[in-house]
Amino acid sequence: MATLPKTVRRGSRAPAAPRRGVRGGSREAVVLLAFVLVPFAIEMFWTFWPALNSVYISLTRWDGIAPPEFVGLDNFTRMASDETFRTALGNTVLWLVLFGGLSVLGGLALALLLDRPRRGIGIYRAIFFLPVVFSMVVTALVWRMIYQPEGVLNSLLTAVGLEDRARIWLGEPETALYALLLPALWRQVGYVMVLFLAGLKTVDPLLHEAAKMDGATAVDRFRYVTLPQLRPISTVVLAVTVIDALRSFDIVWALTKGGPYHSSELLSTYQFSTGVLGSQLGYGSALAVVIFALTIGTIIVYLVRSLREEEAA
Amino acid sequence: MRTTGRRPWLFHGGMIALAALWLLPLLLVLVTSLRTFDDLAGAGLASLPESLTLDPYSQALGAGEWRSIVNSLLITVPVVVVTLVLASMAAYGLARHRIPFRRTILLLMLAGNLLPAQLLLIPVLKLTEQFGIFDSRIGMIVVLTAVGLGFYTFVLHGFMRGIPEEVTQAAKIDGATTFGVYARIVLPLTKPAMAALGSLAFTWTFNDLLWAVTLLRDETKLPVTPAILGMQGQYFSQWNVVAAATVIAAIPTVVVFLRFQRYFISGLLIGSSK
Numbered sequence: 001m002a003t004l005p006k007t008v009r010r011g012s013r014a015p016a017a018p019r020r021g022v023r024g025g026s027r028e029a030v031v032l033l034a035f036v037l038v039p040f041a042i043e044m045f046w047t048f049w050p051a052l053n054s055v056y057i058s059l060t061r062w063d064g065i066a067p068p069e070f071v072g073l074d075n076f077t078r079m080a081s082d083e084t085f086r087t088a089l090g091n092t093v094l095w096l097v098l099f100g101g102l103s104v105l106g107g108l109a110l111a112l113l114l115d116r117p118r119r120g121i122g123i124y125r126a127i128f129f130l131p132v133v134f135s136m137v138v139t140a141l142v143w144r145m146i147y148q149p150e151g152v153l154n155s156l157l158t159a160v161g162l163e164d165r166a167r168i169w170l171g172e173p174e175t176a177l178y179a180l181l182l183p184a185l186w187r188q189v190g191y192v193m194v195l196f197l198a199g200l201k202t203v204d205p206l207l208h209e210a211a212k213m214d215g216a217t218a219v220d221r222f223r224y225v226t227l228p229q230l231r232p233i234s235t236v237v238l239a240v241t242v243i244d245a246l247r248s249f250d251i252v253w254a255l256t257k258g259g260p261y262h263s264s265e266l267l268s269t270y271q272f273s274t275g276v277l278g279s280q281l282g283y284g285s286a287l288a289v290v291i292f293a294l295t296i297g298t299i300i301v302y303l304v305r306s307l308r309e310e311e312a313a
Numbered sequence: 001m002r003t004t005g006r007r008p009w010l011f012h013g014g015m016i017a018l019a020a021l022w023l024l025p026l027l028l029v030l031v032t033s034l035r036t037f038d039d040l041a042g043a044g045l046a047s048l049p050e051s052l053t054l055d056p057y058s059q060a061l062g063a064g065e066w067r068s069i070v071n072s073l074l075i076t077v078p079v080v081v082v083t084l085v086l087a088s089m090a091a092y093g094l095a096r097h098r099i100p101f102r103r104t105i106l107l108l109m110l111a112g113n114l115l116p117a118q119l120l121l122i123p124v125l126k127l128t129e130q131f132g133i134f135d136s137r138i139g140m141i142v143v144l145t146a147v148g149l150g151f152y153t154f155v156l157h158g159f160m161r162g163i164p165e166e167v168t169q170a171a172k173i174d175g176a177t178t179f180g181v182y183a184r185i186v187l188p189l190t191k192p193a194m195a196a197l198g199s200l201a202f203t204w205t206f207n208d209l210l211w212a213v214t215l216l217r218d219e220t221k222l223p224v225t226p227a228i229l230g231m232q233g234q235y236f237s238q239w240n241v242v243a244a245a246t247v248i249a250a251i252p253t254v255v256v257f258l259r260f261q262r263y264f265i266s267g268l269l270i271g272s273s274k
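In structure tokens form, the structure reads like this:
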């Protein structure tokens with residue numbers, strides 16, 4: 001408690017009697033405890049408690065109505081023979097690599113290009129950042145007009161004489177997942193750019209000058225001066241990207257709902273259709289546990305690797 | 001590195017092309033939303049408009065989008081206000097007082113925020129059913145507030161630790177209570193961070209889809225994000241109406257972004273650098 005008993009209190013509700021002072025102090029302690037514990041309890045009740053419940057439900061067979069029946073690890077072994085699960089897992093890993101990798105590369109490239117003070121740079125930054133404020137659903141509807149069978153992309157292809165390349169982009173298993181990737185990137189790249197721009201601010205320009213004087217090329221300077229100093233922000237970007245990639249749901253739900261024939265299914269959409277809309281609450285929870293394990297796993301692998309690199313350096 | 005490039009025209013040429021490409025989808029939606037159905041049906045999406053009209057906007061608003069925008073605001077505004085109040089209280093307590101386990105409490109709150117939503121959906125749905133707040137705006141407000149608190153507390157905690165100790169100490173010596181210091185000293189000094197987090201919270205809450213499709217069933221209660229998805233099915237071939245609905249749904253967050261632009265980006269950054 002930080003309220004000092006010794007303090008001389010002034011004003012109407014601070015009489016000098018020490019007993020009142022002590023009682024005032026304990027009331028202060030209660031107020032302070034409420035300040036911290038009320039928000040803490042609310043959040044724990046709606047996050048950790050459900051998360052623990054999910055882990056338990058993942059060990060049961062439950063239709064949401066009859067009492068759940070404990071089945072051990074059955075739900076997890078069932079995944080091995082579930083074709084849709086394998087597609088969804090493969091797609092999720094592919095999504096993590098492509099969505100994560102390309103948004104980091106694109107965001108870093110834009111940040112490097114827009115880091116130096118130049119005329120008009122604020123406008124460029126604002127334009128690339130603008131899609132970040134749209135919801136994924138707004139983004140999805142914008143891109144749906146491009147992907148429609150009679151939409152803009154096919155019209156453009158026809159106009160330049162490539163009509164045999166025109167397809168139903170969101171309706172064919174070969175293209176659906178990649179067609180979802182573009183709008184997702186369009187919205188994410190600006191976000192990653194802003195994070196890297198903040199990281200670049202901390203790079204000391206004097207180091208660049210010194211490296212230049214020593215005859216380092218632009219590529220060398222990027223590799224040996226800029227990149228190492230971007231390490232702290234890179235960890236943040238990676239964590240944000242992995243979390244965003246693995247919880248991607250809106251763009252898929254808004255455009256394909258995982259179809260056609262589960263070809264654009266991600267674990268998040270499969271979890272939603274089986275566990276939330278469907279009645280396989282146990283299996284759905286097991287899928288959620290897999291998503292959680294993938295998130296934690298990817299971040300831990302990165303942290304361990306970068307710690308090792310630091311030790312080696 | 002900090003000097004102006006040797007070939008500014010190359011830089012600007014490339015950037016203008018890229019920026020134009022970036023804006024093209026938006027331009028397409030804006031133009032489509034101003035065209036008539038006959039024009040679109042005749043000439044297709046990828047054509048120049050014959051004439052412009054605002055009819056698609058009144059059609060979209062008349063088809064229930066007004067109601068869904070109001071629903072969104074009825075959910076978003078309380079979530080933002082309650083989140084900022086609760087998070088700033090917790091942050092003040094944790095940043096300025098020697099509460100036992102304060103680090104653990106802070107980290108647990110942040111960790112709770114980082115749990116993937118998928119892990120929470122099914123049990124939270126069941127909990128809202130038990131409390132009788134499933135399929136209600138109150139349920140949405142409670143859940144969206146609770147699952148986000150950790151991030152805001154964490155950021156505000158970092159910000160409040162930057163307020164000089166002398167300021168709050170002086171107020172206490174003058175007889176201010178814990179609540180008094182919080183309300184009259186700490187909150188006014190935290191305004192920039194609150195504005196940043198408020199605009200972020202507004203955008204994130206307004207744009208939510210996953211919790212809305214999990215916790216709401218009644219169409220008249222749907223916020224605008226899931227509602228325009230439904231409209232898309234209903235107005236399947238009327239692209240002008242769908243485009244107008246999309247533009248309307250984007251306006252509130254764009255307004256908040258433009259109004260609080262400075263704070264908005266700094267909000268993303270304080271979130272990432274601490």
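In the order they appear, the protein sequences are chains C and B.
Mapping of the first sequence onto full-length UniProt numbering: residues 1 to 313, in sequence order.
Mapping of the second sequence onto full-length UniProt numbering: residues 1 to 274, in sequence order.
Yeah, the Cβ is synthetic: ideal placement off N, Cα and C, and Gly gets one too.
Using a Cβ-Cβ cut-off of less than 8 Å, list which residues of the region 275-305 of chain C approach chain B; keep chain order.
-> 275, 276, 281, 284, 285, 287, 288, 289, 291, 292, 295
Using a C-beta to C-beta distance shorter than 8 Å, which residues of chain C count as neighbours of residue 133(B)?
-> The contacting residues do not exist; residue 133(B) stays about 12 Å from chain C at best.
For residue 129(C), three-class secondary structure by DSSP | helix
Please determine if the region 179-193 of chain C and the region 99-109 of chain C are in contact, where contact requires at least 3 C-beta pairs separated by less than 8 Å.
-> yes
Residue 81(B) versus residue 176(B) - alpha carbon distance = 25 Å
Kindly list, in the order they appear in chain C, the residues whose Cβ is closer than 7 Å to that of residue 94(B).
-> 36
Identify which residue in 64(C), 108(C), 56(C), 67(C) has its Cα closest to the Cα of residue 75(C).
-> 56(C)
Report, in whole angstroms, the separation of the C-beta atoms of residue 232(B) and residue 224(B), which I expect to be a contact under 8 Å.
-> Actually they do not touch by this definition, with Cβ atoms about 12 Å apart.
Would you mind sorting residue 42(B) into buried or exposed? The rule is 16 or more other CB atoms within 10 Å of its CB.
-> exposed
Anyone know if the C-beta pair for residue 283(C) and residue 274(C) falls short of 8 Å?
-> It is a contact, given that the beta carbons lie within the stated cut-off.
Where does the unbroken alpha helix (DSSP H) through residue 166(B) begin, and where does it stop?
-> 165-173
Would you mind telling me which residues of chain B sit closer than 9 Å to residue 128(C), beta carbon to beta carbon, in chain order?
-> 18, 19, 22
Chain C contact for residue 109(B) (CB, 8 Å cutoff) | yes
Is residue 70(C) helix, strand or coil when you go by DSSP?
-> strand
Note down, in chain order, all residues in the region 122-151 of chain C with a beta-carbon under 7 Å from any beta-carbon belonging to chain B.
-> Shown in chain order are the members of the region 122-151 of chain C whose Cβ falls below 7 Å from a Cβ of chain B: 124, 127, 128, 133, 134, 135, 136, 137, 138, 141, 142, 143, 145, 146, 148, 150, 151.
CB contact check: residue 211(B) to chain C, cutoff 8 Å | no
How about residue 239(B): is its C-beta nearer than 8 Å to some C-beta of chain C?
-> yes
State the Cα-Cα distance for the pair residue 98(C) and residue 279(C), rounded to the nearest angstrom.
-> 32 Å
With a CB to CB cut of under 8 Å and the five nearest residues on each side skipped, what residues in its chain are close to residue 270(C)?
-> Cβ neighbours of residue 270(C) beyond the five flanking positions: 84, 85, 88, 258, 262, 287.
Is the region 289-308 of chain C touching the region 108-127 of chain B in the sense that three or more CB pairs, one from each, lie closer than 8 Å?
-> These segments touch.
Pair within 8 Å by beta-carbon distance, residue 144(B) and residue 211(B) = yes
What is the DSSP secondary structure of residue 209(C), reduced to helix, strand or coil?
-> helix
Give a yes or no on whether 8 Å exceeds the smallest Cβ distance from residue 259(B) to chain C.
-> no
Using the beta-carbon of each residue, which ones in chain B are nearer than 9 Å to residue 71(C)?
-> For residue 71(C), no chain B residue has a C-beta closer than 9 Å to its own C-beta; the minimum C-beta separation is roughly 16 Å.
To the nearest angstrom, how far is it from the Cα of residue 100(B) to the Cα of residue 40(C)?
-> 14 Å
Show which residues of chain E have a CB atom less than 7 Å away from the CB atom of residue 271(C).
-> The structure shown has no chain E; the protein chains it does contain are C and B.
How about residue 206(B) and residue 83(B): are their beta carbons less than 8 Å apart?
-> No, Cβ-Cβ distance for residue 206(B) and residue 83(B) is not below 8 Å.
With a cut-off of 8 Å, does the C-beta of residue 157(B) fall near any C-beta of chain C?
-> No - not a single Cβ of chain C is within 8 Å of the one on residue 157(B).
Cα-Cα separation between residue 229(C) and residue 93(B), rounded to whole angstroms | 34 Å
Are the region 16-26 of chain B and the region 138-156 of chain C touching by the rule of at least three beta carbon pairs closer than 8 Å?
-> The count of Cβ pairs closer than 8 Å, one atom from the region 16-26 of chain B and one from the region 138-156 of chain C, reaches three, so the stretches are in contact.
Closest by CA to residue 221(C), which one among 232(C), 205(C), 233(C)?
-> 205(C)
Interface positions of the region 69-93 of chain B facing chain C (Cβ-Cβ less than 7 Å), listed along the chain = 86, 87, 89, 90, 92, 93
Strand pairing of residue 137(B), partner residues [DSSP] = DSSP, once it has assigned bridges, lists no residue as partnering residue 137(B).
So which of 59(B), 14(B), 18(B), 45(B) has the shortest CA-CA distance to residue 234(B)?
-> 59(B)
Buried or exposed: where does residue 38(B) fall if 16 or more other Cβ atoms within 10 Å of its Cβ makes it buried?
-> exposed
For the region 47-62 of chain C, which residues have a CB atom closer than 7 Å to at least one CB atom of chain B, in sequence order?
-> 47, 48, 50, 51, 53, 54, 57
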